[in-house]
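Report on the structure given below.
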Amino acid sequence: MAAQPVSRMLRRVLRSSVRSCSSGALVTQPHPGEPSQPAVEVPSGRRRFLREHAAPFSAFLTDSFGRRHSYLRISLTEKCNLRCQYCMPEEGVPLTPKADLLTTEEILTLARLFVKEGVDKIRLTGGEPLIRPDVVDIVAQLHQLEGLRTIGITTNGINLARLLPQLQEAGLSTINISLDTLVPAKFEFIVRRKGFRKVMEGIHKAIELGYSPVKVNCVVMRGLNEDELLDFVALTEGLPLDVRFIEYMPFDGNKWNFKKMVSYKEMLDTLRQQWPELEKLPEEESSTAKAFKIPGFRGRVSFITSMSEHFCGTCNRLRITADGNLKVCLFGNSEVSLRDHLRAGASEEELLRIIGAAVGRKKRQHAELFLMCQGSPPAVPSISFRDSLHVQGLRHRVSFSSQMVTLWKGGWPPQIPLLAQRWLASALPQRHHSSHLDSDANPKCLSPEPRAPATPSGPLPTSDQLTHVDREGQAAMVDVGGKPDTERVAVASAVVLLGPVAYKLVQENQLKKGDALVVAQLAGVQAAKLTSQLIPLCHHVALSHVQVQLELDSTRHAVLVRASCRARGPTGVEMEALTSAAVAALALYDMCKAVSRDIVLAEIKLVSKTGGQRGDFHRP
0 MAAQPVSRML RRVLRSSVRS CSSGALVTQP HPGEPSQPAV EVPSGRRRFL REHAAPFSAF
60 LTDSFGRRHS YLRISLTEKC NLRCQYCMPE EGVPLTPKAD LLTTEEILTL ARLFVKEGVD
120 KIRLTGGEPL IRPDVVDIVA QLHQLEGLRT IGITTNGINL ARLLPQLQEA GLSTINISLD
180 TLVPAKFEFI VRRKGFRKVM EGIHKAIELG YSPVKVNCVV MRGLNEDELL DFVALTEGLP
240 LDVRFIEYMP FDGNKWNFKK MVSYKEMLDT LRQQWPELEK LPEEESSTAK AFKIPGFRGR
300 VSFITSMSEH FCGTCNRLRI TADGNLKVCL FGNSEVSLRD HLRAGASEEE LLRIIGAAVG
360 RKKRQHAELF LMCQGSPPAV PSISFRDSLH VQGLRHRVSF SSQMVTLWKG GWPPQIPLLA
420 QRWLASALPQ RHHSSHLDSD ANPKCLSPEP RAPATPSGPL PTSDQLTHVD REGQAAMVDV
480 GGKPDTERVA VASAVVLLGP VAYKLVQENQ LKKGDALVVA QLAGVQAAKL TSQLIPLCHH
540 VALSHVQVQL ELDSTRHAVL VRASCRARGP TGVEMEALTS AAVAALALYD MCKAVSRDIV
600 LAEIKLVSKT GGQRGDFHRP
């Protein structure tokens, strides 16, 4: 299965039993199958002291439903060095003036107060907390607080490899790293920035320094990365990772809609198709995650079910924003400014009364969100795991492993897949892209030579009536319930005539907006999967394969697009292939329109179709 080659190859990278970290400390790596021990933990003497001298939990941090809030999240900054599509708009967000943000001393003053009242876990967040210059010093000073058991950080990983040795020495206990895709080109598409390699280096450094588990947070979005679930889980076979799949949630600026959400149960069903032995682990008190483990795997997988199965009843979290506002619920709009009271000279007792009043007003659950959910449409069935591993260049059994091992070795040798080299190269004299990498792939898909014309198989039998119109002449969807399931394949093509200027920029990958061929390829794959949502009377089809190829034609200064779709079912996939080719062509236009408006989209057509009741079609 897909997990085996991934874990074997990554284990070879990490097989040495003793590693020297950049801080100079020796870190022991357990052998496969042996339990990993975290490098940073509360000393046993301190744990014993805390247990023996535990004070009654503060009434100020206990709400009207009896929930004790022992976990505080502190935002160190509003700034971020990425622009994730589900988190913020491309142009960023208006920033609070620096004078209105909490100073380091104010952060530590508030943290000291909360810990004194019973908070035993603090997580530093952002924005991106690791872009704050004094983050190491903040961790070191938090580590001195008596009663604080855990200091965690949630990061996008861009700066993690560089800072982690210092953070570990300062007292950092746990790490959560955000990573939504294992495909470098898709990473750029999601976060609108480069940096995939740096994130992978950060994960590698965390494992090297002995953190176990290293938590990897993945926001799952339909049509974008739900086809990578199996590849993420495969990483847990040989690595001490806790891969946490997070249901897509609404935030200001992310243009959220319910169709993008993949529910916990849908994700779990996909995983169980591949690993029926997947077993549920006992839930920890106040945990937001439902944890599972595959027997024999070093790591585990978890689900954060904020949307489908909320965990409000056991919530023990409070949040302080970068500008000093206390939020008792992530989804609530109610905030109280601790900064203003702190700067006005409020005493500890006055601050505690303000905090206690806010906690006391906390609702039983984030009701407004779930009222929205009641009107949401049912989830569209996801692509099965075998389908998904073909999409976006990931292939069953070889998957992404050859690219990943290269990353973990710290270099990109010549033997990595050609498409991966295309993604990472800044300029290439000849550029061809395919969304499908396979050992038995037709080499012509990467060849500048023209293809041999398809062999015609005779005219397609036609109907004397329009099938999508009823007896009254009204539009109607065809009932395919009585049709047999057969293997359906369709190929469509399009041509984008760029002109010499745009063509040269695409060929050399010099467009300011990024790699036009990769973006068009991703757009074509996504479009195929979303065809039924774009074309009103199309049935939803569970595609088993999508392939989008783009070739440069120097004689016409054009890009040739070829899209292939496959599925087994009662209806054909020619609309999926045509939609894929057309949207890939549109994406190319969008990438190049700033350079030239004299771009022509032409020859969008069905090339072939097989598997239908009315016979096969091959365009001469």
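Here the numbering used here is used: the first residue of the sequence shown is 0, the next is one more, and so on. By construction, the Cβ of each residue, glycine as well, lies at the ideal position given by its N, Cα and C atoms.
Excluding sequence positions up to five away, which residues of its chain have a Cβ less than 8 Å from the Cβ of residue i?
i	result
V582	A522, G523, Q525, A526
L337	L109, I319, G323, N324, L325, L350, I353, I354
K511	A593
L81	E127, N155, I157, V190, R191, R192, G194
Between the options, which has its C-alpha nearest residue i's C-alpha?
i	options	result
N216	L240, R567, A343, G126	L240
L549	S492, K289, I176	S492
G312	I157, L497, R487, K362	K362
V218	D226, S211, K482	D226
T180	I303, Q167, F195	F195
Q272	S531, L229, P483	L229
V518	S579, F188, A501, E265	F188
V488	L496, K511, A566, D514	A566
S607	M590, S563, A584, S595	S563
L270	T287, M260, S286, K292	K292
R122	L94, L112, S74	S74
E265	E284, P281, I245	I245
K214	L223, K197, R243	R243
V547	G331, G117, L533, Q520	Q520
L223	F64, K259, K279	K259
V477	Q509, K512, P535, G498	P535
F97	L112, T76, G481, A356	Note that residue 97 is Lys in the sequence shown here, rather than Phe. Per the Cα distances, T76.
G295	T235, K115, P569	T235
V114	P132, L141, T103, E104	L141
L329	P275, N158, M306	M306
Are the C-beta atoms of residue i and some chain C residue less than 8 Å apart?
i	result
K512	As a matter of chain content, chain C is missing from the structure shown, which is built from one protein chain.
Give a yes or no on whether the C-beta atoms belonging to residue i and residue j are separated by under 8 Å.
i	j	result
L351	F59	yes
D119	V358	no
Y247	M220	yes
I598	A580	no
I176	G156	yes
L587	V558	yes
T149	T124	no
R299	L238	no
I130	K193	no
S595	V490	no
Mind checking which residues open and close the beta strand (DSSP E) that includes residue i?
i	result
I174	173-177
T492	Reading off the sequence, residue 492 comes out as Ser, not Thr. Per DSSP, S492 belongs to the beta strand (DSSP E) from 485-496.
H701	The displayed coordinates of the chain run from 0 to 619. Any statement about residue 701 would go beyond what the structure contains.
K289	288-292
K326	324-326
L75	Careful: L75 lies outside any beta strand (DSSP E) and carries neither H nor E.
A58	First-last for A58: undefined, no H or E at that position.
L317	316-319
S563	557-568
With a threshold of 6 Å on Cβ separation, who are the neighbours of residue i within its own chain once the five nearest residues in sequence on each side are excluded?
i	result
D386	Per-residue confidence for D386 stands at a pLDDT of 31, beneath the threshold of 50, marking its modelled position as unreliable; the derived number appears in the next sentence. L542, S543.
F186	T180, F195
A160	E200, G201, K204
V41	In this predicted model, V41 has a pLDDT of only 44, less than 50, meaning its place in the structure is not dependable; the value taken from the coordinates is given anyway. Only R148 meet the Cβ criterion.
A584	A493, V495, V560, L600
G611	G571
T609	V488, D615
V545	V390, V524, A527, C564
Locate the alpha helix (DSSP H) running through residue i, then write down its first and last residues.
i	result
L107	103-115
E348	347-359
F195	195-207
T578	573-591
V190	183-190
T609	No alpha helix (DSSP H) holds T609; the beta strand (DSSP E) holding it covers 599-609.
S595	Where S595 is concerned, there is no enclosing alpha helix (DSSP H), given that its DSSP letter is neither H nor E.
R338	337-342
V500	499-506
V517	515-528
Could you pull out every residue in the same chain whose Cβ sits closer than 7 Å to the Cβ of residue i, ignoring the five residues on either side in sequence?
i	result
L100	A321, D322
A515	V505, L587, M590, C591
R316	H68, Y70, R72
C537	T530, S531, M574
Q165	V135
C314	R66
C83	I189, V190
Hey, is residue i close to the ligand MG, as in C-beta under 7 Å from one of its heavy atoms?
i	result
P96	As far as ligands go, the structure on display features none, and thus does not contain the ligand MG.
Inset, instruction - Could you tell me which uninterrupted alpha helix (DSSP H) segments, each at least 4 residues in length, are contained entirely in the region 210-284, listed from first to last along the chain? - result: 228-233, 263-273
Legend entry - Continuous alpha helix (DSSP H) assignments of at least 4 residues falling wholly in the region 124-162: 134-141
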